[in-house]
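Chains as they are written, first to last, in this note's numbering: chain Y, 1 to 685; chain Z, 686 to 772; chain B, 773 to 859; chain E, 860 to 1095.
Backbone N, C-alpha and C define an ideal beta-carbon position, used for all residues, glycine too.
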Amino acid sequence: MTKSKPESQAIEPEVNLDLAKSHGLLEEEYEKVLEILGRTPTYTELGIFSVMWSEHCSYKNSIALLKQLPRSGKRLLADAGEENAGLVDIGDGLAVAFKIESHNHPSAVEPYQGAATGVGGIQRDIFTMGARPIASLNSLRFGPLTLPRVRYLLQGVVRGIGDYGNAFGVPTVAGEVYFDPCYTGNPLVNAMSVGLVEHGKVARAVAKGEGNRVMIVGSSTGRDGIHGATFASEEISEKSEAKRPSVQVGDPFTEKLLLEATLEAIATGFVVGIQDMGAAGLTCSCSEMSAKGIEQSGGGEVNGVATGSGMEIDLDLVPVRENGMTAYEIMLSESQERMLIVAQKGREGALLEIFKKWELEAVVIGAVTTDGFVRVRHHGKIVAEVPAVPLVLGGGAPVYIREAVEKKPDVKFPVLAPDDEIDFEKEILDLLGAPNIASKRWVYEQYDSMVRTNSLTLAGATDAALIGIKGTAKALAMKTDCNARYVYLNPRKGGMIAVAECARNIACTGAKPLGVTNCLNFGNPYKPEIYFQFREAVLGMGEACRKFDTPITGGNVSFYNESKSGDEVTAVYPTPVIGMIGLLDDAALAVRSTFKHEGDAILLIGLQLETPDSEGLTGSEYLVRRYGELGLDAPAFDLDAEKRLQDLLQLLAAKKYLRSAHDCSDGGLVTALAECSVMDETLQL
Amino acid sequence: MAYRAKIKITLRPSILDTQGKAVHHALESLNYQSVAGVRIGKYIELEVAESDESTASRITDEACKKLLANPVMEDYSFELEQIGQAN
Amino acid sequence: MAYRAKIKITLRPSILDTQGKAVHHALESLNYQSVAGVRIGKYIELEVAESDESTASRITDEACKKLLANPVMEDYSFELEQIGQAN
Amino acid sequence: MSKIKFGIVVFPGSNCDHDGEVVCNALPDAEARLIWHRESDLQQSDVILLPGGFSYGDYLRTGAIAKFSPAMTEVVRFAGQGGLVLGICNGFQILQESGLLEGAMMRNINRKFICKFVSLKVANNNTLFTSGYGKDEVIRIPIAHGDGNFTADAETLRQLQENNQVVFRYCDHTGDESSEANPNGSLYNIAGIINRRGNVLGLMPHPERACDALLGSTDGQKLFESLVRNVVAERL
Chain Y
1 MTKSKPESQA IEPEVNLDLA KSHGLLEEEY EKVLEILGRT PTYTELGIFS VMWSEHCSYK
61 NSIALLKQLP RSGKRLLADA GEENAGLVDI GDGLAVAFKI ESHNHPSAVE PYQGAATGVG
121 GIQRDIFTMG ARPIASLNSL RFGPLTLPRV RYLLQGVVRG IGDYGNAFGV PTVAGEVYFD
181 PCYTGNPLVN AMSVGLVEHG KVARAVAKGE GNRVMIVGSS TGRDGIHGAT FASEEISEKS
241 EAKRPSVQVG DPFTEKLLLE ATLEAIATGF VVGIQDMGAA GLTCSCSEMS AKGIEQSGGG
301 EVNGVATGSG MEIDLDLVPV RENGMTAYEI MLSESQERML IVAQKGREGA LLEIFKKWEL
361 EAVVIGAVTT DGFVRVRHHG KIVAEVPAVP LVLGGGAPVY IREAVEKKPD VKFPVLAPDD
421 EIDFEKEILD LLGAPNIASK RWVYEQYDSM VRTNSLTLAG ATDAALIGIK GTAKALAMKT
481 DCNARYVYLN PRKGGMIAVA ECARNIACTG AKPLGVTNCL NFGNPYKPEI YFQFREAVLG
541 MGEACRKFDT PITGGNVSFY NESKSGDEVT AVYPTPVIGM IGLLDDAALA VRSTFKHEGD
601 AILLIGLQLE TPDSEGLTGS EYLVRRYGEL GLDAPAFDLD AEKRLQDLLQ LLAAKKYLRS
661 AHDCSDGGLV TALAECSVMD ETLQL
Chain Z
686 MAYRAKIKIT LRPSILDTQG KAVHHALESL NYQSVAGVRI GKYIELEVAE SDESTASRIT
746 DEACKKLLAN PVMEDYSFEL EQIGQAN
Chain B
773 MAYRAKIKIT LRPSILDTQG KAVHHALESL NYQSVAGVRI GKYIELEVAE SDESTASRIT
833 DEACKKLLAN PVMEDYSFEL EQIGQAN
Chain E
860 MSKIKFGIVV FPGSNCDHDG EVVCNALPDA EARLIWHRES DLQQSDVILL PGGFSYGDYL
920 RTGAIAKFSP AMTEVVRFAG QGGLVLGICN GFQILQESGL LEGAMMRNIN RKFICKFVSL
980 KVANNNTLFT SGYGKDEVIR IPIAHGDGNF TADAETLRQL QENNQVVFRY CDHTGDESSE
1040 ANPNGSLYNI AGIINRRGNV LGLMPHPERA CDALLGSTDG QKLFESLVRN VVAERL
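Okay, here's the thing in structure tokens:
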């Protein structure tokens, strides 16, 4: 431990338990900070611990359960959680990086920028691994369209996703949009990206090699994205500047330059490690890359501090966009389109040239050390000196198992009108016109789904998006899916069905499901009934992933999705969104969704479960729309039968027996039949 | 009698102006080195068919708050100018 | 010494302003019936680090002609305001 | 006989350069090379292609900033000497901003980005770019833009019609140039025009995205084939 204690900067508030609590730290967590440092933290150090131990970065209330999900598989290059995005081997020397993440709360504040920066962030998670993004998907949930505020949010989110993805030059090829009152105050905006990388060219998020240069590249740093709650600067800074913005602004143009420059830099072989700056910006990338380096060094320990790697950086060198930024602000800023790179000592010049060519900021701000610390200087003084390992997930960050208590949702199954009283034609047309069922062309036509000329779905609708891989006969199938009503009615079965439906959509194209990423959108984990939903859904997902041999390669957890009306707080339905990829060895054998020739036989394939007919309606869109009731449980479901069905679909496709195949899900059989009849690009309706 | 409201809508100083950044860069490459900063916003003209200025001002202010300016990221200001008949 | 150029870029009257029409329609649906017309353009602020006004004015005019305004369909006008140091 | 050389200019923010390169390289006697916008050497290209994308993020106006790149100064000179230039989507907007083609593009009339297949009528098949198509042939080509609403003053419009410079028009699958078939509000359903001299063509739809049956249409192929055939013929 160096002798001089890091100095607090003159105008910072006095660090104590109250300030720690206002930063979201619990009392026992603050005690642990004092124990780790052996002294009171400086204001900047408190900021660092508060973001690193926030739910978003540490997964403290979910990691214990997530560990039970199947995370390894023979096709996986990097085990889940070790890299930003899981990598799946697809042959031809190629691997697929894919991940899904949520940007729910920023989108509720500013829909356009919230959604745009969500898309930007997930693309960086992919190209930070050296992979070129080849497709984007999304999963959106809003309140009912009858509300003006919901229409405002929907329009802003869709335009944000489109503008960012279109300008960045990645096709947006699939997604889902659901409308339900439970999302009124808290929309869900989940963005997914899929990228390709050659096996040898994968980049790692690690800081190692003493003396190697630490560089910050991309946009300059401003005060955007520093969360109000953990930011108490109004009192301390006399300047009456506009209130600190919590809105992060995305710049797809700079991101496209950052993509090309990053891939070019990685190709030189001089990049030792690289990580994008997402939540908690510089703080998160410095600590996670250092902790990874320490873990890989298998190094020793000095005075209880794990050594072998670490970082020393000087904030005076960080390119800033606003003057007078404090160390706290620079370390916590979430300005977009920035990466942290560890460059081989002596080779940083070549990398700086590349970023200069692409007209991007690129500055060496420090070097790799071996003492196990993240040491931060500002205005010549040490403002933070924190051991890296205790900061990070899997290192010293807290892990909690919360209390889980089932609270049956108060739902019922309505008395159904007798058939002879029903005008079936009117009911069917009404169902087909329901927002959750009707075509979403008015949304996805705002996305460029064709750039990079690999989108095979344009020659005719398919149940999962199909992206051809140039230079091979192969195509990737990809889909996002989740029926949150089923999870609300029965979290375990609902979690299983979410994975099964995604896999079924992929199998309908003839492709073989390979791997899963997930975005778990839930309420407040400190409420036992919410934690029960979370635990059961995760267990259900795990069971299904094991059955389909689709390991989970990583993902994201978003808690506290709830809306307040008056003092009444209602959580959103438990929404574990599944993002899945599959492989089609021969793209020419792709099976599309729509009927092709008059006279072809129509088959309904699946297990005929012996439940009374009416129970098949439970949890259905029809029951909710026609009777305003959810029913009592998720529909009957058999995991074995589902696996056999999907294996059959792939077999029939390979033998060219199938003219088309379409999943029977929301809206039931009648909707599936209608979709098979009309859903085709060439039909100019 | 009518008024023309001349409204300026600008990004708050602390919000990153990506467009301004790109245009500033372009002006530099046209070697207008003395241009030290560029910020880009919207200019909106409303024709308000009201006889007295205070009503016209109230309507303009409400229009800005409710629709024209995004309160999360933008500030607005306006002047009123008397014109003949609103066409 | 520096100047701030406040530039207004507007669509030529002969050009159909589809954005303006849409905003006008939205204001009507918020029952601001007395709003008779809406036109939408750009408001650009340049900070020009020049000591005398005529140079600052020339630079601003050239920037508008070469880049900021599209001669095919836009008109521009600007005022200059003296400010301390351009940051 | 050496191959016909397509020079594809890449601006920061272009994203369809790659797609154009693949299509040109696939043509039997043609090859493509990428030209970074900072270079002023067009590498003896026979045809210059300005690709789709969001040059400079389309900030201020689509194509407004790209026109100042060194490569564009060369392209203007190349076009002045009769060189063939094809501008697709953002490329067309850059040609308008650089004064090589008439008119300007405004925001789509529904103020939203639109990406879908549309039908186009080949109004003028008597050009070096469209000689492979039949007169008034209806073809299916995708569009993907937010600012494709073609506008020009009355006099320019009159001249464009008179000199047969309108090459592509939006229509329905029967060839009717109805207002319903107009996706973005362009005057006279104009989707693509050529300059008076006949060596610079700009169009908003993306022919490079319609050269593969697996992608839904091959109607874009004939545009590239016409160019190669006419350049070869000119050399003989």
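- Taking C-beta separations shorter than 8 Å and ignoring five residues to either side along the sequence, the partners of Y:K201 in its chain run G130, I266 and A267, following chain order.
- With a threshold of 16 other beta carbon atoms within 10 Å, Y:D663 meets it and is buried.
- Apart from sequence neighbours up to five positions away, the residues of its chain that approach Y:A434 with a beta-carbon distance below 8 Å are E621, R625 and G667, ordered along the chain.
- Of all residues in the region 804-827 of chain B, the ones placed with a Cβ closer than 7 Å to any Cβ belonging to chain Z are Y804, S806, V807, A808, G809, V810, R811, I812, G813, K814, Y815, I816, E817, L818, E819, V820, A821 and E822, in chain order.
- Excluding sequence positions up to five before and after Y:E12, its CB lies within less than 6 Å of the CB of Y43, all in the same chain and listed in chain order.
- For Z:L715, the neighbours in chain B by C-beta distance under 9 Å run, in chain order, E834, A835, K838 and L839.
- For Z:T703, the residues of chain E that pass the 8 Å Cβ criterion are G916 and Y918, in the order they occur in the chain.
- Burial check for E:L943: the Cβ neighbour count within 10 Å reaches 16 or more, so the residue is buried.
- By the 16-neighbour rule on beta-carbons within 10 angstroms, Y:D423 is exposed.
- According to DSSP, residue pairing for Y:G273 in a beta bridge involves Y:V342.
- Ranked by how close their Cα comes to the Cα of Z:K706, the residues Z:V723, Z:M686 and Z:K751 have Z:V723 in first place.
- In this structure, DSSP gives Y:D314 an extended state, which the three-state scheme calls strand.
- Taking the CA atoms as reference points, E:K862 sits about 35 Å from Y:G269.
- Counting along the chain, Z:Q767 sits inside the beta strand (DSSP E) bounded by residues E759 to I768.
- Here Y:I437 carries a coil assignment [DSSP, helix/strand/coil].
- Residues of the same chain with a CB within less than 6 Å of the CB of Y:S58, apart from the 5 flanking positions on each side, are L393 and A397 in chain order.
- Neighbours of E:I1002 in chain Z, taken as residues whose beta carbon is under 8 Å from its own, are absent, since the nearest beta carbon is some 24 Å off.
- By the beta-carbon neighbour count (other beta carbons within 10 angstroms, threshold 16), Y:G542 is buried.
- Nearest to Y:S290 by alpha-carbon distance, out of Y:A261, Y:R141, Y:V271 and Y:A367, is Y:A367.
- In this structure, Y:G372 sits near Y:A306, with a CB-CB distance shorter than 8 Å.
- Within its own chain, the residues whose Cβ lies closer than 6 Å to the Cβ of E:Y992, once the five positions on either side in sequence are excluded, are V981, N984 and K1081, listed in chain order.
- Z:K727: member of the beta strand (DSSP E) spanning V720 to V733, first to last residue.
- Secondary structure at Z:H709: helix, using DSSP grouped into helix, strand and coil.
- Sequence-distant partners of Y:S558 (beyond 5 residues in either direction) whose C-beta falls short of 6 Å from its own C-beta, in its chain, are S102, N104 and N521.
- The region 206-223 of chain Y makes contact with the region 356-364 of chain Y, as at least three CB pairs between them are under 8 Å.
- Among the residues of chain Z, none has a CB under 9 Å from the CB of B:L783; the nearest is roughly 10 Å distant.
- If you check the CB distance, Z:A721 and B:A821 come in under 8 Å.
- Looking at the DSSP output, Y:N556 sits in a beta bridge with Y:C519.
- Taking a beta-carbon distance threshold of 8 Å, Z:K693 counts as an interface residue toward chain B.
- Of E:G911, E:Q955 and E:K994, the smallest CA-CA separation from E:F1027 is found for E:K994.
- DSSP places Y:V364 within a strand segment (E or B) once states are collapsed to three.
- In the three-state reduction of the DSSP assignment, Y:L282 falls in the helix class, which pools H, G and I.
- Between Y:E14 and Y:G38, the alpha-carbon positions lie close to 17 Å from each other.
- Judged by DSSP secondary structure, Y:G120 falls within the alpha helix (DSSP H) whose first and last residues are P111 to F127.
- DSSP places Y:K564 in the uninterrupted beta strand (DSSP E) bounded by E562 to S565.
- Contact of Y:D586 with chain E is not assigned, every C-beta pair being separated by 8 Å or more.
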